[in-house]
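**Student:**
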Amino acid sequence: MKIIDIITTCLRNLTKRKMRTILTVSGVLIGTSAVIVMFSLGIGMNIQITKMLEEWADLTMIRVDTWRWHDGDNDVAPPDLTDEMIRSFKDIKHVRSATPFYRNIRSGEQVAVYTADGWLIEWGQFIGVYMDELENFGYTLKEGRFKQAGDPPTTVLFGPETGAYLYNFLDDEWANAERDWDTWEIISMPIENFFAEELRIIPLTMTANEWGWFDRDYSVIGSKTAPNMEYDEELNLIGIIDAPPNDWEAREGIFIDMEFLALMIKAYNELNAENQMPEFDGIYNEARVRVDDMNNVPAVEAELKAMGFNAWSFNEMREQMTQQVRTIQLLLAAVAAVSLFVAAMNITNTMIMAIIERTKEIGIMKVLGCDISKIRLMFLGEAAAIGFLGGVAGIVLSYGISLIINNFLGQFFMDMFNYGNMGEEKISLSVIPPYLAFLSLAGATLIGMVAGLYPANRSVKISALSAIAHE
Amino acid sequence: MGAVIAVKNLIKIYKVGSDKVVALNDVTFSIEEGEICCILGTSGSGKSTLLNMLAGLEKPTRGEILIDGQRIERMNEKRITKFRQRNIGFVFQSYNLLHGITALENVAMPLTFRGIKKKKREKIAFMMLAMVGLAKRVRHKPTQMSGGQQQRVGIARAFAARPKIVFADEPTGNLDTKTTIEVMELMVTLSRKNNRTLVLVTHDKDIAAYADRIIQLRDGEIISDERINFKKERVLS
Chain P
0 MKIIDIITTC
10 LRNLTKRKMR
20 TILTVSGVLI
30 GTSAVIVMFS
40 LGIGMNIQIT
50 KMLEEWADLT
60 MIRVDTWRWH
70 DGDNDVAPPD
80 LTDEMIRSFK
90 DIKHVRSATP
100 FYRNIRSGEQ
110 VAVYTADGWL
120 IEWGQFIGVY
130 MDELENFGYT
140 LKEGRFKQAG
150 DPPTTVLFGP
160 ETGAYLYNFL
170 DDEWANAERD
180 WDTWEIISMP
190 IENFFAEELR
200 IIPLTMTANE
210 WGWFDRDYSV
220 IGSKTAPNME
230 YDEELNLIGI
240 IDAPPNDWEA
250 REGIFIDMEF
260 LALMIKAYNE
270 LNAENQMPEF
280 DGIYNEARVR
290 VDDMNNVPAV
300 EAELKAMGFN
310 AWSFNEMREQ
320 MTQQVRTIQL
330 LLAAVAAVSL
340 FVAAMNITNT
350 MIMAIIERTK
360 EIGIMKVLGC
370 DISKIRLMFL
380 GEAAAIGFLG
390 GVAGIVLSYG
400 ISLIINNFLG
410 QFFMDMFNYG
420 NMGEEKISLS
430 VIPPYLAFLS
440 LAGATLIGMV
450 AGLYPANRSV
460 KISALSAIAH
470 E
Chain L
0 MGAVIAVKNL
10 IKIYKVGSDK
20 VVALNDVTFS
30 IEEGEICCIL
40 GTSGSGKSTL
50 LNMLAGLEKP
60 TRGEILIDGQ
70 RIERMNEKRI
80 TKFRQRNIGF
90 VFQSYNLLHG
100 ITALENVAMP
110 LTFRGIKKKK
120 REKIAFMMLA
130 MVGLAKRVRH
140 KPTQMSGGQQ
150 QRVGIARAFA
160 ARPKIVFADE
170 PTGNLDTKTT
180 IEVMELMVTL
190 SRKNNRTLVL
200 VTHDKDIAAY
210 ADRIIQLRDG
220 EIISDERINF
230 KKERVLS
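Residue numbers (numbering that gives the first Met the number 0), protein chains in the order written: chain P, 0 to 470; chain L, 0 to 236.
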């Protein structure tokens, strides 16, 4: 007996008792769509969480530092964060890029960047990095370009908010960026085009104690009257990078090659004996590591911690939140699975009925030489077909329910929990990825087959003799 | 011509509670290829039991059944099913057609089990139905047919897969006299034309008259075994 003949027989038998088939299929439909919708809500929630965190934080970045809590638990000093060490981070599996993130100088107190017109831009700090690694590290550009071979060592990149608050020491005037106060987004910067400006570094004479927001004594900088004003270097701005809101150091920073930064510190310290910057001795206080995928972050983080470093990432928070969602999801799915279980029993019941009804038919087929394995296959196929049809209908229904949830209930829930309108974007509370649909279909078919196992075996055991005598 | 069916010392004992009922008691006979053989007996004579065992639907308590040289009582269910599929056709008293499908599909069914493609098996089935005079009824379902027509479908089905042996169990039990004659002539003609062995089980002596040979059973034993050669010419003429 050919497969096509078995399938034809299955379908014929299913269509012969339409009402019964429809009812049994409906059971599977309800079960499948319940499971799919429950899972889709969990998936939707996870996507929302990830999206929310992504907007706000960088989920594939790990911050590495050597600062230690003295909890007595682990008092072993961490290894030094040297160039060699940072480059070795790249050998860790799933690490795409690593760079130092040296922020040991508070440029606001000791060095300033200013324009020829007298605008001070030094609120942002110098960040000593590998300039040639930034692109690979995954920073994106808002404007300009990354550092290329041949660029001078004085090449710098700004963060998106570098220069958002300016003071002009020549005119004693303040200028701030204009913001949208709802989203905190910058609408316009006080200086529209930094690239057109001549940017210079200049040491400040004041110590931290002397310096303050309202100190009118800024004028000393411009006047160059102090004895240590000899250090004067022009910076070469080539681009403005973008960074997520939680990466405020980068948003307000001035990225510069560590090599140059070290020289600058050295030169400054030689000129200012009484206001020394911490000298760079080849050991960084912070580095950053980029992981290829956020799912690999925990493993890399663990490895860095095992090396003795502190490692921080927002992935931990995401993990905790997704874990919670998963728990809720499993709970909901378990409830939904009950209906699927009932559907499975329904299939078994239907198939037993069908076999009792068709006892004579089975007997005739056996007498006429139908292979018993084919008879089993016929009934299994019928049960599987019920599962499959229920699965298909369930998927269609689930997409419908999902659409309704997302279009009508989504906003309702958001309002209810007072999330407000998070941007223009439509909120997808329920997400059905293709794999979920596919797995559900396979699952429903499998459940049909399992439910049909007992009846199918029963059909095989029917004696041909008694079956044909059956009236 | 060799024996297509050979039965040796066949014994069948049923256990009914603690009692033992001997249905067949040491039956031995053989049937030649192409023979039309009638097993005649009253109800309870063991004739149906014998037929069931010849077809491999029941296992004997003791004894041998050789069909086409093969010991079918030793085969497992899977093999015996395959064996039936290849070698045996059936005509039943109550026709045993499937009601959900057409006459054509019913006749094609044994061919389906053999794995013959739809187009080919339906062609064969159509020819068979034409042969039994139902060419215009191929798309009818059994419920739309008279008893005689249904039995003719049954006959077409039994011969469709070209089996070596056709077993017929009271094939005319549910038919009137006129139809009985039609059906019997049809079966005998088909058997003769194709040189098939036909084993007929009946209690009706008139039916037995169509056979070349009559084996009479009573209480599980053969009481007579006679060949009636002149009948052959009559049917053929």
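For glycine and all other residues, C-beta sits at the position ideal for the given N, C-alpha and C.
#1: What does K17/P touch in chain L if you count any residue whose Cβ is under 9 Å from its own?
#2: State yes or no: is the beta carbon of L402/P nearer than 7 Å to at least one beta carbon in chain L?
#3: Could you please give me the residues that DSSP links to L80/P through a beta bridge?
#4: Quick one: residues in its chain with C-beta nearer than 7 Å to the C-beta of M127/L, no 5 flanking neighbours on either side, listed in chain order?
#5: For F89/L, go through chain P and note every residue whose CB falls closer than 8 Å to its CB, in chain order.
#6: Listed in chain order, which residues of the segment 369-402 of chain P have Cβ atoms closer than 9 Å to some Cβ of chain L?
#7: Using a Cβ-Cβ cut-off of 6 Å (strictly less than) and excluding sequence neighbours within five positions of N345/P, which residues of its own chain qualify?
#8: So is M0/P in contact with chain L if we call contact Cβ pairs under 7 Å?
#9: Mind checking whether the beta-carbon of W66/P lies closer than 6 Å to any heavy atom of the ligand MG?
#10: Taking only the alpha-carbon atoms, compute the straight-line gap between I237/P and N295/P and give it to the nearest angstrom.
#11: Apply the 10 Å Cβ neighbour rule to D181/P and answer buried if 16 or more other Cβ atoms are within range, or exposed otherwise.
#12: Could you pull the start and end residues of the beta strand (DSSP E) that L65/L belongs to?
#13: Between L379/P and A455/P, how many whole angstroms is the CB-CB distance? I'm expecting something under 8 Å.
#14: Quick one: any contact between the segment 184-199 of chain P and the segment 273-290 of chain P, if contact means 3 or more CB pairs under 8 Å?
#15: Quick check on the burial criterion: 16 or more other C-beta atoms within 10 angstroms. Buried or exposed for I213/L?
#16: Between which residues of its own chain and E160/P is the CB-CB distance below 6 Å, once the five residues before and five after are set aside?
#17: Applying a beta-carbon distance threshold of less than 8 Å, which residues of chain P neighbour R83/L?
#18: Can you tell me whether M18/L is buried or exposed? The criterion is at least 16 other CB atoms within 10 Å of its CB, across all chains shown.
#19: Which residues bound the beta strand (DSSP E) around E172/P?
#20: Note down, in chain order, each residue of its chain lying with its Cβ closer than 8 Å to the Cβ of D231/P, except the 5 sequence neighbours on either side.
#21: What's the call for M276/P, buried or exposed, on a 16-neighbour Cβ count within 10 Å?
#22: Who pairs with R70/L in a beta bridge, going by DSSP?
#23: For N420/P and I374/P, I'd like the C-alpha separation in whole angstroms.
#24: Within 8 Å, do at least three Cβ pairs link the segment 316-332 of chain P to the segment 161-181 of chain P?
#25: Counting only beta-carbon separations shorter than 7 Å, does I461/P have a partner in chain L?
#26: Quick one: give me the first and last residue of the beta strand (DSSP E) that T196/L is part of.
#27: Could you check what DSSP says for C369/P in three-state terms: helix, strand or coil?
#28: Report the residue from M18/P, K1/P, Y267/P, D370/P whose alpha carbon sits nearest the alpha carbon of R239/L.
#29: Establish whether the CB of E360/P and some CB of chain L are separated by less than 7 Å.
#30: Does the distance from the CB of A392/P to the CB of M448/P come in under 7 Å?
#31: Can you tell me whether DSSP reads R144/P as helix, strand or coil?
#32: In chain P, which residues lie with their C-beta within 7 Å of the C-beta of T41/L?
#33: Does the beta-carbon distance from V128/P to I253/P come in below 7 Å?
#34: What residue range does the alpha helix (DSSP H) around P433/P cover?
#35: Under 8 Å between beta-carbons, which chain P residues line up against R80/L? List them in chain order, please.
#36: Could you name the residues that DSSP lists as bridge partners for M344/P?
**Tutor:** Taking the structure as given:
#1: Translated into the one-based positions of the first sequence, residue 17/P becomes position 18. Within 9 Å Cβ-Cβ: nothing; K17/P doesn't reach chain L, min ~13 Å.
#2: Numbered from its first residue, the first sequence carries residue 402/P at position 403. It does not; no Cβ of chain L falls within 7 Å.
#3: Position 81 of the first sequence, counted from the start, is the residue given in the question as residue 80/P. For L80/P, which the question treats as bridged, DSSP gives the partners Y283/P.
#4: Position 128 of the second sequence, counting from 1, holds the residue named residue 127/L. Closer than 7 Å at Cβ, skipping near neighbours: V106, A155, F158, A159.
#5: As a first step, residue 89/L is located in the second sequence; it is residue number 90 there, counting from the start. Result: V366, L367.
#6: C369, D370, I371, S372, K373
#7: On the first sequence, residue 345/P is found 346 positions in, with the first residue counted as 1. T23, G26, listed in sequence order.
#8: Here residue 0/P corresponds to residue number 1 of the first sequence, with the count starting at 1. Interface residue, yes.
#9: Absence of the ligand MG is noted for the structure shown, with no ligands found whatsoever.
#10: Here residue 237/P corresponds to residue number 238 of the first sequence, with the count starting at 1. Here residue 295/P corresponds to residue number 296 of the first sequence, with the count starting at 1. So the alpha carbons of these two residues sit roughly 33 Å apart.
#11: Taking the first residue of the first sequence as position 1, residue 181/P is located at position 182. By the 10 Å Cβ count, D181/P comes out exposed.
#12: Taking the second sequence and counting its residues from 1, one reaches residue 65/L at position 66. Residues 61-66.
#13: Within the first sequence, numbered from 1, the residue matching residue 379/P stands at position 380. Within the first sequence, numbered from 1, the residue matching residue 455/P stands at position 456. Contact flag correct, Cβ pair sits at about 5 Å.
#14: A contact between stretches requires three or more CB pairs, one per stretch, nearer than 8 Å, and the segment 184-199 of chain P fails this requirement with the segment 273-290 of chain P.
#15: As a working mapping, residue 213/L is identified with position 214 in the second sequence. Looking at its Cβ environment, which holds 16 or more other Cβ atoms inside 10 Å, I213/L is buried.
#16: Your numbering for residue 160/P matches position 161 in the first sequence. The answer, listed in chain order, is R250, E251.
#17: Counting from one through the second sequence, the residue named residue 83/L turns up at place 84. Residues of chain P passing the Cβ test: V366, L367, G368.
#18: Locating residue 18/L in the second sequence gives position 19, counting from the first residue. Checking the sequence shown, residue 18/L turns out to be Asp, not Met. Exposed, by the Cβ-count rule.
#19: If you number the first sequence from 1, residue 172/P lands on position 173. Looking at the DSSP string, the run of the beta strand (DSSP E) that includes E172/P is 172-175.
#20: Mapped onto the first sequence, residue 231/P falls at position 232. Counting only Cβ-Cβ distances below 8 Å, and skipping sequence neighbours, we find R199, I200, I201.
#21: Residue numbering aside, residue 276/P sits at position 277 when the first sequence is read from its first letter. Classification for M276/P: buried.
#22: For the purposes of this step, residue 70/L is taken as residue 71 along the second sequence, with counting starting at 1. R70/L pairs with L65/L.
#23: The count along the first sequence starts at 1 and reaches residue 420/P at position 421. The count along the first sequence starts at 1 and reaches residue 374/P at position 375. Because the pLDDT of N420/P is 49, which lies under 50, any placement of that residue in the model is unreliable, and the number read from its coordinates should be weighed accordingly. For the pair N420/P and I374/P, the Cα-to-Cα distance works out to about 59 Å.
#24: Short answer: they don't touch.
#25: As a first step, residue 461/P is located in the first sequence; it is residue number 462 there, counting from the start. Not one chain L Cβ lies under 7 Å of I461/P.
#26: The residue labelled residue 196/L in the question sits at position 197 within the second sequence. T196/L -> beta strand (DSSP E) spans 196-201.
#27: Taking the first sequence and counting its residues from 1, the one referred to as residue 369/P is at position 370. In this structure, C369/P counts as coil in the three-state DSSP scheme.
#28: As displayed, chain L neither begins before 0 nor continues past 236, which places residue 239/L out of reach and without an answer.
#29: One-based indexing of the first sequence puts residue 360/P at position 361. Yes, E360/P lies at the interface with chain L (some Cβ there is under 7 Å from its Cβ).
#30: In the first sequence, the residue the question calls residue 392/P occupies position 393. In the first sequence, the residue the question calls residue 448/P occupies position 449. Taking 7 Å as the Cβ cut-off, A392/P and M448/P do not qualify as a contacting pair.
#31: As a first step, residue 144/P must be located in the first sequence, where it is residue number 145. Looking at R144/P - three-state DSSP - the assignment turns out to be coil, as it is neither helix nor strand.
#32: Position 42 of the second sequence, counted from the start, is the residue given in the question as residue 41/L. Near T41/L there are no residues of chain P at all, since even the closest Cβ is about 19 Å away, more than 7 Å.
#33: If you number the first sequence from 1, residue 128/P lands on position 129. If you number the first sequence from 1, residue 253/P lands on position 254. Cβ atoms of V128/P and I253/P: not closer than 7 Å.
#34: Position 434 of the first sequence, counted from the start, is the residue given in the question as residue 433/P. Where P433/P is concerned, the enclosing alpha helix (DSSP H) stretches over 433-460.
#35: What you label residue 80/L is simply residue 81 of the second sequence in a count that begins at 1. According to the sequence shown, residue 80/L is Thr rather than Arg. From the beta-carbon of T80/L, the residues of chain P found nearer than 8 Å are K365, G368, C369, D370, I371.
#36: For the purposes of this step, residue 344/P is taken as residue 345 along the first sequence, with counting starting at 1. DSSP output for M344/P lists no bridge partner at all.
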